[in-house]
Amino acid sequence: MKLYPVMLNVSGKRVLVIGGGTVALRKIRDLISCGARVTVVAPEVHASVDELASSHPENLEIIRRRYRCGDLEGALMVFSATDDDEVNHAVFNEAKEKNIFINAVDDPGNCTFYVPSWFTRGGLVVAVSTGGISPAMAARIRRDIEGLIPDTFGETLDALQQARTILQNDAEFTGLTAEQRGKILKQIVMDDDLLGGLVTSFKNETVKSFIKQLIAAEA
2 MKLYPVMLNV SGKRVLVIGG GTVALRKIRD LISCGARVTV VAPEVHASVD
52 ELASSHPENL EIIRRRYRCG DLEGALMVFS ATDDDEVNHA VFNEAKEKNI
102 FINAVDDPGN CTFYVPSWFT RGGLVVAVST GGISPAMAAR IRRDIEGLIP
152 DTFGETLDAL QQARTILQND AEFTGLTAEQ RGKILKQIVM DDDLLGGLVT
202 SFKNETVKSF IKQLIAAEA
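Going by this note's numbering, the sequence shown wraps up at 220, each residue one higher than the last.
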């Protein structure tokens, strides 16, 4: 089965998590960090889930009971994170009936989407998936890649974002075409010295001057 990878905006969207144990806790933390409105349905929840509900009341609601048919109403997607096969199957059936995406933890056959192993560096998100075949292998590859990208990489992206904004909006560069702006940014990205220079100028709040010097040197 070939899967289509996407980056999903869940900010402000209702996401259901069935179950309140340690596996559910990891999902809940990640979802809250992305701005989702999470509803947890479980008779009991991990103490850390209660702590999250206290610190993020606008993003986390806990319903302390077993799953009931109809709980998925209005949800963008659902995570079934219980060790009860009967509950997981019932959740899958409701999700399928209502065309709601579902991820059943450790049960690929009852999933319509899989969560990759992922990490962030500022605005950079790197995700690795085996399509549910081996989450452990995905995690191993993710760790290998994670070691290649420094913690400071987020600052590099911030510098590139500022350069792009200046090229698009500053009056001194309105004569440039979209193709020319793209070429300048690509030139910076592909040259380690230029990229380092951009980051330095970002720290010194001189990105505009850096771009002007680069354009002048190419003229």
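From the three backbone atoms N, C-alpha and C, an ideal C-beta is built for every residue, glycine too. Being a predicted model, the structure only gives us computed values, none of them experimental.
Check, Outcome
"Cutoff 6 Å; reference Glu-62; Cβ partners in own chain excluding five residues on either side", "Thr-40"
"Among Asp-86, Leu-158, Gly-176, Asp-145, the one whose alpha carbon lies nearest that of Leu-199", "Leu-158"
"Contacts around Met-2, its chain only, beta-carbon distance under 8 Å, and the 5 residues preceding and following it disregarded", "Gly-132"
"Buried or exposed by the 16-neighbour rule on C-beta atoms within 10 Å, applied to Asp-145", "exposed"
"Close-in-space but distant-in-sequence residues of the same chain around Arg-15 (CB under 7 Å, 5 per side omitted)", "Arg-38, Thr-40, Gly-75, Ala-76, Leu-77"
"Closest residue to Val-46 among Ala-91, Pro-117, Ala-82 (Cα-Cα distance)", "Ala-82"
"C-alpha distance - Gln-181 paired with Lys-204, whole-angstrom precision", "25 Å"
"Proximity to Ile-134 [Cα-Cα], best of Thr-23, Cys-112, Asp-86, Leu-32", "Cys-112"
"Whole-number beta carbon distance between Leu-168 and Leu-177, since they are thought to touch under 8 Å", "7 Å"
"Residue interval of the alpha helix (DSSP H) (run including Ser-34)", "23-34"
"Rounded straight-line distance, which links the Cα of Glu-173 to that of Ala-139", "46 Å"
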